[in-house]
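Take a look at the structure set out below.
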Amino acid sequence: MTLEEIIQPANKVYGKTPLLTDTPMHYCPGCSHGVVHKLIAEVIEELGIQEITIGIAPVGCAVFAYNYIDIDWQEAAHGRAPALATAVNRLLPDKCVFTYQGDGDLAAIGTAETIHACNRGENIAIFFINNGIYGMTGGQMAPTTIEGMVTSTSPAGRDVHLAGFPLKISNVLTLLDGTCYVTRQAVHTPATVVRAKKAIKKAFENTLAKKGTSVVEIVSTCNSGWKMTPHQANQWMAEHMFKEYPLGDLKDR
Amino acid sequence: MEEIKLMKGNEAVAEAAIRCGCDGYFGYPITPQSEVLETLMALEPWKKTGMVVLQAESETASINMVYGGAACGKRVMTSSSSPGISLMQEGISYIAGAELPCVVVNVTRGGPGLGTIQPSQSDYFQTVKGGGHGDYKLITLAPASVQEMADFTCLAFDIAFKYRNPVMVLSDGLIGQMMEKVQLPDYKPRMTEDEIRALYPWATLGKKGRPDRNIITSLALVSEEMEKVNDRLQKKYREVEANEVRYETYQCDDADYLMVAFGSTARICQKSVELLRREGIKAGLFRPITLYPYPSKELFHYADQVKGMLSVEMNAGQMVEDVRLSVNGKVPVAFYGRYGGMIPTPEEIVNALKDKLMR
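Top to bottom, those sequences are chains E and C.
Terminal number for the first sequence in my numbering: 1185, no gaps in between.
Terminal number for the second sequence in my numbering: 389, no gaps in between.
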């Protein structure tokens, strides 16, 4: 069998979605952002909503998300993505709007915007990357940093009596009547990637069906910030992060 | 048909916004401007024109909703009063950086801090000298009547879209709260999505029909790129300065003494001019309508003619710096102001002019 014979549409088992641009990603090798970007791009393609989807990028490592997914984007100020998404949703009710935010963005500086957008039940999807650290600024403690975790602003490990407790913001969001779907996923194994993609798809479907706010938290690694190899980071996440942030659906109505 | 109504300045802003095709208002209650949001909620424009009105959770959220709406090419606005406007500075800087059009109305109250709910003009510096971070300019219109609250709300949208720049209507608690006769503009339809796509090809309405995605951002990490962004902004500001200067003169032609005042203080100064003229003193009033761009050349024109200028403000002396820059030492410039919510009387201003310029 020649190569030409093998390269046939019938034999194709995987392809890169055209929604993912050819711009080389700036993310560190091992970072979860790349996988999540790919899943979002694939879902937008599969749902056929590229022309009506508007993404709101955060401040943080994903600030350049707009370079990688071929849709219209707005780049928000730190934490304010849900406010921008609110306006887009209200002014363009037939479009599909999502925010992509990290833990510092969503659960620290943008807590008010997050809670109130969810509480109003804005028809938006929120993709929340929780790696327990501020990646872009060089590895400082985040609201979601787990107890004892060493960061550049908690060099002796997070002391909960000094810095408070890891903020389980997704659990808080389940209490709000405006959220229709809150789930916590990961992308460190093929099986979790498949489940995460299903969750992302469901969030977009809810948005299209105007069901309210969907929140997909992805417990993620930041191997650079955590000072680990990608493999070590995945192991550490499974061992320590999932205890604090167990995976699975928190709310589905 | 034009309608004439008796209403508050704040109500006029709301009425005018609906009539001039505003797509969305996002705001948060604060005295003395809450009537803007209250009037909009009572008028329910979403039933008539489809305009969105939303009470946000904070001024921070309001201005960022405005950012998101403006990025879609929609005519969006917010209003607040001084402490709330302070909270909006981050968003205003982002909107200026991303080159988006929007309207922000400030019904100024006395500060600093929580200050007072009474009128003031102490946000002049914040408005025209920056307020937020970075080298940006906020085009600023200063209404002096309820009529101008309505007119300038509409004008602000036109200027904002002409230059893709935020425009501030810098009012104060006096104009916001006082009632006057106002002729409201006729209803203008809101723009359709197709019209927005045709007129504002940068709008993020979804990629439909375009080969390239639209990205609204104020970020350019490479210094060479960010310098170019700033070059573009500065070029635009020079255009604004060349085209958008607005001012009004009252009895300036033969004036020996000039009062310079904006907004409600200019209304009070009109009376002072009359009082002085009754005494045989040739006084005039120069009223900047745009505070940025400032009518510097036009004011300088009077420097040859008059013996002195008095900047009258409801603050501790802010615009007076621009008056002095404009006349560049050619003529003495004095200042008279009340602050903390106090409003100067025409007689006080007359005495101040005599005391500071005629002794």
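Ideal Cβ placement from N, Cα and C applies to all residues, glycine included.
Reducing DSSP to helix, strand and coil, say where residue i ends up.
i, result
"ILE373/C", "coil"
"ALA139/C", "This sequence places Arg at residue 139/C; Ala is not what is there. Strand at ARG139/C."
"GLN335/C", "coil"
"SER964/E", "coil"
"TRP1158/E", "helix"
"LYS1175/E", "helix"
"ALA1057/E", "strand"
"ASP202/C", "strand"
"PHE1097/E", "coil"
"SER1086/E", "strand"
"ARG49/C", "helix"
"MET118/C", "coil"
"ARG1052/E", "coil"
"ASP261/C", "helix"
"PRO1014/E", "helix"
"SER253/C", "helix"
"ASN1166/E", "helix"
"LYS1134/E", "helix"
"LEU355/C", "helix"
"ILE984/E", "helix"
"ASP1026/E", "coil"
"TRP1005/E", "strand"
"GLN940/E", "coil"
"THR108/C", "strand"
"LEU340/C", "strand"
Could you list which residues in chain C have their beta carbon closer than 8 Å to that of residue i, in chain order?
i, result
"ASP1002/E", "LYS237, ARG243"
"GLU1188/E", "Because chain E here runs from 933 to 1185, residue 1188/E falls outside it and cannot be looked at."
"TYR998/E", "ARG243, ILE245, THR247"
Which bits of chain E does residue i rub up against, with CB to CB less than 7 Å?
i, result
"SER88/C", "ALA1044"
Could you tell me which chain C residues have their CB closer than 7 Å to the CB of residue i, listed as they occur along the chain?
i, result
"ILE986/E", "THR234, GLY236"
"ASN995/E", "Just to set this straight, residue 995/E is Val in the shown sequence, not Asn. In chain order: LEU249."
"GLU983/E", "GLY236, LYS237, LYS238"
With a threshold of 16 other CB atoms inside 10 Å of the CB of residue i, please say whether the residue is buried or exposed.
i, result
"ASN943/E", "exposed"
"PRO231/C", "exposed"
"ASP1004/E", "buried"
"PHE155/C", "exposed"
"GLU33/C", "exposed"
"VAL252/C", "exposed"
"ASN358/C", "exposed"
"ASP1091/E", "exposed"
"PHE1136/E", "buried"
"ASP1035/E", "buried"
Could you give the distance in angstroms between the alpha-carbon of residue i and the alpha-carbon of residue j?
i, j, result
"THR157/C", "SER111/C", "12 Å"
"GLN213/C", "ALA180/C", "8 Å"
"GLY236/C", "HIS1120/E", "31 Å"
"PRO950/E", "ILE60/C", "48 Å"
"ARG262/C", "GLY1011/E", "28 Å"
"VAL380/C", "ARG308/C", "11 Å"
"ARG243/C", "ALA272/C", "33 Å"
"ILE393/C", "LYS1129/E", "The structure shown does not extend to residue 393/C, since chain C is modelled only from 31 to 389, so the question has no answer here."
"MET37/C", "VAL43/C", "10 Å"
"GLY162/C", "LEU329/C", "28 Å"
"TYR267/C", "ARG105/C", "21 Å"
"VAL1125/E", "VAL968/E", "9 Å"
"ALA72/C", "TYR1066/E", "44 Å"
"VAL945/E", "GLU937/E", "15 Å"
"VAL259/C", "GLY98/C", "20 Å"
"ILE981/E", "ILE169/C", "38 Å"
"GLU178/C", "GLY239/C", "40 Å"
"ASP1181/E", "VAL991/E", "27 Å"
"THR321/C", "VAL1147/E", "What sits at residue 321/C in the sequence shown is Leu, not Thr. Using only the alpha carbons, I get a separation of about 45 Å."
Going along chain E, which residues have a C-beta under 9 Å from residue i?
i, result
"ALA91/C", "ARG1012, PRO1014, ALA1015, THR1018, ALA1044, GLU1045, HIS1048, ALA1049"
"TYR392/C", "The structure shown has nothing for residue 392/C, since chain C only spans 31 to 389."
For residue i, which residues in chain E fall below 8 Å Cβ to Cβ?
i, result
"VAL106/C", "ALA1019, LEU1023"
"ALA101/C", "GLN1006, LEU1016, VAL1020"
"ASN195/C", "Those do not exist, as ASN195/C stays about 17 Å from chain E at its closest Cβ, beyond 8 Å."
Along chain C, which residues have their Cβ under 9 Å away from the Cβ of residue i?
i, result
"GLU977/E", "Near GLU977/E there are no residues of chain C at all, since even the closest Cβ is about 12 Å away, more than 9 Å."
Query raised in the report: According to a CB-to-CB cut-off of less than 8 Å, which residues of the region 50-66 of chain C neighbour chain E?
Result: ASP53, GLY54, PHE56
Report task. Could you name the residues of the region 1018-1046 of chain E whose beta carbon sits closer than 7 Å to any beta carbon of chain C, in the order they occur along the chain? Result -> THR1018, ALA1019, VAL1020, ARG1022, LEU1023, LEU1024, LYS1027, ALA1044, GLU1045
Query raised in the report: According to a CB-to-CB cut-off of less than 9 Å, which residues of the region 117-148 of chain C neighbour chain E?
Result: GLU120, GLY121, SER123, TYR124, ALA128
Report task. Could you list the residues in the region 245-268 of chain C with a C-beta less than 8 Å from some C-beta on chain A, going in chain order? Result -> Protein chains in the displayed structure are E and C, and chain A is not among them.
Query raised in the report: Using a Cβ cut-off of 7 Å, which residues of the region 1100-1116 of chain E contact any Cβ in chain C, in chain order?
Result: none
Query raised in the report: What residues from the region 72-85 of chain C come within 9 Å of chain E, judged by C-beta to C-beta, listed N to C?
Result: VAL82, LEU84
Query raised in the report: Which residues, in chain order, does the region 371-384 of chain C contribute to contact with chain E at a C-beta distance below 8 Å?
Result: none
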